[in-house]
Amino acid sequence: MGYPRSGTTFLQSLLLNFEEVESFPETHFFHYLIQGNYFQRKLKIVSSRSLKKIQFLLADKNNFSSWLISYNKATACFIKDLDEKTLRANKRIWVEKTPGHLHIIKLIERYVDNPLFIHIIRNPVNAITSLHKVTTNYPVSWGGARSVNNCMNRWIEDVRISLDMIKKKQNHHLIIYDKLVTQTKTEMDKIAAFLSINSLPGYDHTKYASKIVEPHEPWKNRNFLEVVPQTGYEVEHTLSVMDIKMIHNATRLLYQEVLDIESINYQ
Numbered sequence: 003m004g005y006p007r008s009g010t011t012f013l014q015s016l017l018l019n020f021e022e023v024e025s026f027p028e029t030h031f032f033h034y035l036i037q038g039n040y041f042q043r044k045l046k047i048v049s050s051r052s053l054k055k056i057q058f059l060l061a062d063k064n065n066f067s068s069w070l071i072s073y074n075k076a077t078a079c080f081i082k083d084l085d086e087k088t089l090r091a092n093k094r095i096w097v098e099k100t101p102g103h104l105h106i107i108k109l110i111e112r113y114v115d116n117p118l119f120i121h122i123i124r125n126p127v128n129a130i131t132s133l134h135k136v137t138t139n140y141p142v143s144w145g146g147a148r149s150v151n152n153c154m155n156r157w158i159e160d161v162r163i164s165l166d167m168i169k170k171k172q173n174h175h176l177i178i179y180d181k182l183v184t185q186t187k188t189e190m191d192k193i194a195a196f197l198s199i200n201s202l203p204g205y206d207h208t209k210y211a212s213k214i215v216e217p218h219e220p221w222k223n224r225n226f227l228e229v230v231p232q233t234g235y236e237v238e239h240t241l242s243v244m245d246i247k248m249i250h251n252a253t254r255l256l257y258q259e260v261l262d263i264e265s266i267n268y269q
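For the sequence shown, the numbering used here gives the first residue as 3, with consecutive numbering after it.
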């Protein structure tokens, strides 16, 4: 999980190299779970509109016998569905990847037993540039184009959430996107240790991209190609010099904290 356009799909594709791991396209399940009115959220009851979205995700469409479904019941059905899909694939670990679930970690920990979280953080200029670009190019899919300021503030918010979790809890692991690209085996071996599974001689993200990238997600098509390390900011979508300076000034100290924590805790 992490800020959008930070390499979550790239990491997910790499995780599928492990023979124990199964994964799926983004579900947005926990966002659907809490999309109700005030009283539904207060009573922790799934709205009828969200229930239809959740049923669409499940292999067994008849999991719910009524329209009065609690968060606990809906989550139990969701987890059961992922467990069964994983077992049918002869795997024992499943990975659910929805970047925005970063904002509802406490809810996930309340309803899922012993979850493990992997946070991925990308350098701010490239991450913010990428989100600004994709929302500009695909505004309908992304809920509207976002300004550089909006993208920057979201990066700051998301990274603060990740750091708070990583500092406090042992079931959260930090990955730096730029290191994952340039030192893939080293970083994936650390994840293998975190998941208590065997590391591999090598990792190929392109092999499994088709399993998790949906046809309506053209912005993810680069996951079918070799990832090339970037220097500076994304030249294909150049921000103004003032925007780059603003991002550096606003994020420099926070990103340095990320790098410091990673260098101390994950060597």
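Where a beta carbon is used, it is the ideal one built from N, C-alpha and C, also for glycine.
Note that the structure is predicted; figures quoted are calculated from it, not measured.
Asked                                                                                                         : Found
Ile158 - containing alpha helix (DSSP H), residue span                                                        : 150-170
Extent of the continuous beta strand (DSSP E) to which Val97 belongs                                          : 95-97
Rounded separation between Gly102 and Tyr5 - CA only                                                          : 7 Å
Cβ neighbour criterion (16 or more within 10 Å) applied to Ile177                                             : buried
Cβ neighbours of Gly38 in the same chain (closer than 6 Å, five flanking residues each side left out)         : Ser49
Counted within 10 angstroms of its Cβ, other Cβ atoms place Gly145 as buried (16 or more) or exposed          : exposed
Distance between beta carbons of Thr100 and Thr29, contact taken as under 8 Å                                 : 6 Å
Bounding residues of the beta strand (DSSP E) (the contiguous stretch that carries Val23)                     : 23-25
C-alpha distance - Glu238 paired with Arg43, whole-angstrom precision                                         : At Glu238 the pLDDT is 48, less than 50, meaning the model places this residue with poor confidence; the figure from the coordinates comes in the next sentence. Whole-angstrom Cα-Cα distance: 43 Å.
Which of helix, strand or coil DSSP assigns to Thr80                                                          : For the record, residue 80 in the displayed sequence is Phe; it is not Thr. In the structure shown, Phe80 sits in a helix (DSSP, three-state: H, G or I).
Neighbourhood of Trp157 by C-beta, 7 Å cutoff - its chain only, sequence neighbours within 5 removed          : Tyr5, Pro126, Ala129, Ile130, Thr253
Simplified DSSP state of His105, which is helix, strand or coil                                               : helix
Contiguous beta strand (DSSP E) assignments of at least 3 residues, all confined to the segment 9-47          : 23-25
Exposed unless 16 or more other CB atoms sit within 10 angstroms - verdict on Asp270                          : Because the chain here runs from 3 to 269, residue 270 falls outside it and cannot be looked at.
Cβ shell of Asn210 (< 6 Å), same chain only, five flanking positions each side left out                       : As written in the sequence, residue 210 is Tyr, which differs from the Asn given in the question. The residues are Ser15, Leu18.
Which of helix, strand or coil DSSP assigns to Leu261                                                         : helix
Outcome for Asn225 when other beta-carbon atoms lying within 10 angstroms are tallied against a minimum of 16 : buried
Closest Cα partner of Ile122 within the set Asp206, Glu216, Arg51, Lys181                                     : Lys181
Minimum C-alpha distance to Leu104 - residue among Gln172, Phe20, Tyr34, Val161                               : Val161
Secondary structure of Leu133, DSSP reduced to three states                                                   : helix
Neighbour-count burial assignment, Ala194, 16 or more Cβ in a 10 Å radius                                     : buried
Cβ-based neighbour list, Glu189, same chain, cut-off 7 Å, excluding 5 preceding and 5 following               : Ile177, Lys181, Leu182
Rounded straight-line distance, which links the Cα of Phe26 to that of Ala61                                  : 13 Å
Start-to-end residues for the alpha helix (DSSP H) that takes in Ile214                                       : 211-214
Beta-bridge partners of Phe119, as assigned by DSSP                                                           : His174
Chain B within 8 Å of Asp180, Cβ atoms only                                                                   : The structure shown contains no chain B; it holds only a single protein chain.
8 Å Cβ cutoff met for Ile168 and Leu109                                                                       : no
Exposure label - Val215; buried when at least 16 CB within 10 Å                                               : buried
Which of helix, strand or coil DSSP assigns to Ser52                                                          : helix
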